[in-house]
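Chains as they are written, first to last, in the working numbering: chain A, 1 to 855; chain B, 1001 to 1268.
Ideal placement from N, C-alpha and C gives every residue a C-beta, glycine not left out.
First the structure, in the form of structure tokens, and then the observations on it.
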């Protein structure tokens, strides 16, 4: 009894206290503490204090990572020692961001900026709309038509062209060399810029020409000023750096002017008709050289080549296997194509083709890389050119890639931003065609046997045998043609290292040709052919100039070297107009094939790696090895390719430190010329963005499928086991499987038998399959009873369709320089963040053994 | 108003189903549609939703000329007018010998009987009359062909159909009728069907429409459930095919009216 009494007493005291404080005896300690200080609210009122207190507690819990039932000890421990937890990534996952914002093609950064500036933007655009509604609208396309009509009229006057050109030269020379005061130079810039901005609206080629001419004028003024005014240096060391920069600039001027000439008038050639009588059509040998590529890559190409529309007795397909693989020989016998292997393996692909050249006899030779799947219409589209023009030796068509290249995959720009190749096949080759300088690109082309044999087969002296062969053929007075109609499509290189390897080979080969068989001299070429070929080769020498531009701001920011002897104002008066006007002109010419500033990104990535091969090849063309690009691989784990990105990390570090040095300099040594420091810092910042993008590309995104899958959208019919049908679309194809998007979700069991019919023309081809996966409207099928015959049918219904790739140009988005700039900067920021992520992850896994985040 | 006869050189080609579906699809393309059944089987009304054979219809006019038949048309909820064959006797039994003889006599002696009858119908432009008929050759099919501006021949992928095809083409050409052909109930899984399709393409050339209607077990099921197939299974391939066919017919009707107008304008 004596023990029970204090307990009861304690209980009663507690109850009493609870009543006083307004809590239940069973409530938590924190509530007691709260009620000790704050009274409970009156009936019907909201308990703001409790509300706020609970919110605070939740926040603390999440901050300190404490569970709901944790002891006070855990609280105190977590207050001083943070528990290990997963680090949140700094860089955004571009793919999920894209999914988030849906099909909209805007950029991440632009979206964010416009969200900040929403009110301002709203007012401005409203005012703009109001003003433009008052103004009369100008029929720009009508203006363009007028100009085209008048130019056609003027074109008929004799000698007018020569007179105008001579006058233009005289005026140009005067314009370039007339000295102006700074204020007048600024005024000139404003006038020219205004003309450019108005001309941009007028469609047609003559306005483009006007923009190019203005760009040439402004560049010329800059060049004259640069040569006459800026090359006085205070010290020898400044002179060394100054002339280095000057050399790099001379290179860019040459490439700019050559580029203008090359792309002045894209020919836009249309296919020529073949004779009506197929009996008179020539015989064609199709070569498919392969070395080590897997069967799954090669077989679609062979089967598609076999199904091309051409008289059966005049079409022979040969598989040129340099790997001498039995499996391939067996395959060739089964599907009924020729198989050619050779004993020795000299000169890689060129040697392989030359060997086959001796063993076959067709009048024409169509060459496909083993992963370029031709459409059925390839020969009918290309061969007409040869009958129309007997001197035509080569017809080239674009290389089209249906899978994203490393840039597109790692930055998720596939089908959003034109890739590296689209400028070449969309514009440059078409421009070359006008000057009869289209060159052979190794695949997706037809060559006439006679000229090829005249030049001794495919060239073996250089590693870019394709361009060299066509150079030789041009020297003998033959013509070549380019048809910008995609008639074959292939896989892009999978990994960045593979991509770089391929570009290294091109750069090395082009440097070799430039050295041993330079198109500038030698017989047989016209002036503009020399220009076009030289530009194609000079293009690959961008490595050194690009590196100079990347490192040059550091020369001033670190060492205070004045590599450019002019004050900041003069630089702005001459450099800005030159960059701005030529940027606008290039944006107009390249338009949808290359967005502004992306060339800098692509070049920055490759610059470091092309420096050595081009230099070595230029000094000693014999040095160098042929490497075959790997295709059809897979990237199992997301990773940062440190090996590839190492040089850029260093360059990036130099530029970042230079920025810091610039800040120091502006407040200490260089207080008298802060604008110069700022200008160099802006330059360094631009370099940081480019290098950031270069590093960001090295972050390889995961690719999960084992067999290469190919995006492909054609209509299909699904035949269910109960006999019902469903109209649907294919999504992608891989050997032995097909992914399908259904119009509505359907419950299908895994392993359920199902039929799918694809159409070729008006015929249905039926494939029996089983369901491999079914997730809502996404259905994965695995084919049953797979055979070469079935695969041929599938290829015919898909890649072989004549209209398979006709829409590729429609997908391209026109360039808008401002948006493109923001996009590139965004890629740079993302790249730097990715690098930081990779660093932190590396540090974390070494020191803290934290689980690194995947996904 | 244009009249389209839907005939088939063999029974079981899916003609009546196709007529019923096309009527709804053409209605959805803003054509006033009258579907007429020139077939003594008297089953068209099943496709409209009636559970027993229609009493009144064309046969009413055959047995007692007058305009009693004009009240026989039914209207379904989507606005299509349906004129069934009807039953000769009130208790829905088959006609007796005398009636049968009278019907046959009219059909034989007046090849343009149906045509004249439909000429009395005043559908607003761009109206379409679809005539479903018994398998060719039959007197009913001939009546329908005579009445038609366009003959749509439904070809089942059967060897018999391919066998009678030549005679049918001859006949149609002799009658000077514009005709197009459509393959129906094609199963891509069947090699025979694919082969017959190739054969048909070879013989018919451009007259064979590129729309082929796929076989689908959903079609008879929809009929059994008293549903419109194209509306109950809009994503099925067969429904897509029928939509394509309906679009083609709609274009043809618009084109034909325009041609007729310009021809009329040219003569006056």
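DSSP three-state call for residue i: helix, strand or coil?
i	result
residue 774 of chain A	strand
residue 1001 of chain B	coil
residue 266 of chain A	coil
residue 1085 of chain B	coil
residue 1043 of chain B	coil
residue 1073 of chain B	coil
residue 787 of chain A	coil
residue 1174 of chain B	helix
residue 1021 of chain B	helix
residue 187 of chain A	helix
residue 406 of chain A	helix
residue 1169 of chain B	helix
residue 726 of chain A	strand
For residue i and residue j, what's the separation of their Cα atoms in angstroms?
i	j	result
residue 793 of chain A	residue 1201 of chain B	19 Å
residue 644 of chain A	residue 497 of chain A	7 Å
residue 659 of chain A	residue 584 of chain A	29 Å
residue 1132 of chain B	residue 1146 of chain B	13 Å
residue 813 of chain A	residue 576 of chain A	27 Å
residue 572 of chain A	residue 236 of chain A	26 Å
residue 1097 of chain B	residue 740 of chain A	59 Å
residue 139 of chain A	residue 424 of chain A	32 Å
residue 1008 of chain B	residue 330 of chain A	50 Å
residue 400 of chain A	residue 484 of chain A	11 Å
residue 777 of chain A	residue 1022 of chain B	29 Å
residue 592 of chain A	residue 238 of chain A	41 Å
residue 433 of chain A	residue 715 of chain A	36 Å
residue 646 of chain A	residue 599 of chain A	21 Å
residue 294 of chain A	residue 445 of chain A	23 Å
residue 103 of chain A	residue 729 of chain A	Residue placement at residue 103 of chain A cannot be trusted, given a pLDDT of 43 that sits under 50; what the coordinates show is reported in the next sentence. Between residue 103 of chain A and residue 729 of chain A, the C-alpha separation is close to 18 Å.
What does the Cβ neighbour count give for residue i, buried or exposed, with the cut at 16 atoms within 10 Å?
i	result
residue 664 of chain A	exposed
residue 832 of chain A	buried
residue 243 of chain A	exposed
residue 290 of chain A	buried
residue 258 of chain A	buried
residue 197 of chain A	exposed
residue 1048 of chain B	buried
residue 1212 of chain B	buried
residue 166 of chain A	exposed
If I measure Cβ to Cβ from residue i and keep anything under 7 Å in the same chain, skipping five residues before and after, which residues do I get?
i	result
residue 566 of chain A	229 and 230
residue 507 of chain A	540, 610, 613 and 614
residue 308 of chain A	315, 374, 376, 378 and 379
residue 588 of chain A	200, 208 and 211
Taking 9 Å as the cut-off, decide whether the C-beta atoms of residue i and residue j are in contact.
i	j	result
residue 1172 of chain B	residue 1151 of chain B	yes
residue 605 of chain A	residue 542 of chain A	no
residue 568 of chain A	residue 675 of chain A	yes
residue 406 of chain A	residue 493 of chain A	yes
residue 1059 of chain B	residue 1032 of chain B	no
residue 538 of chain A	residue 254 of chain A	yes
residue 396 of chain A	residue 482 of chain A	yes
residue 530 of chain A	residue 519 of chain A	yes
residue 470 of chain A	residue 544 of chain A	no
residue 763 of chain A	residue 1106 of chain B	no
residue 431 of chain A	residue 267 of chain A	yes
residue 1002 of chain B	residue 1253 of chain B	yes
Whose C-beta lies closer than 6 Å to the C-beta of residue i among residues of the same chain, with five residues either side of it excluded?
i	result
residue 1115 of chain B	1146 and 1147
residue 852 of chain A	Residue confidence for residue 852 of chain A is low, a pLDDT of 47 falling below 50, so the modelled location carries little weight; the figure read from the coordinates is stated next. Same-chain partners within the cutoff: 841 and 845.
At a CB-CB cut-off below 7 Å, which residues of chain D make contact with residue i?
i	result
residue 1192 of chain B	Absence of chain D from the displayed structure is noted, the protein chains being A and B.
Might you give, ordered along the chain, the residues of its own chain that have their beta carbon closer than 8 Å to the beta carbon of residue i, omitting 5 neighbours on each side?
i	result
residue 550 of chain A	604, 607, 651, 655, 687, 690 and 691
residue 1111 of chain B	1142, 1143 and 1146
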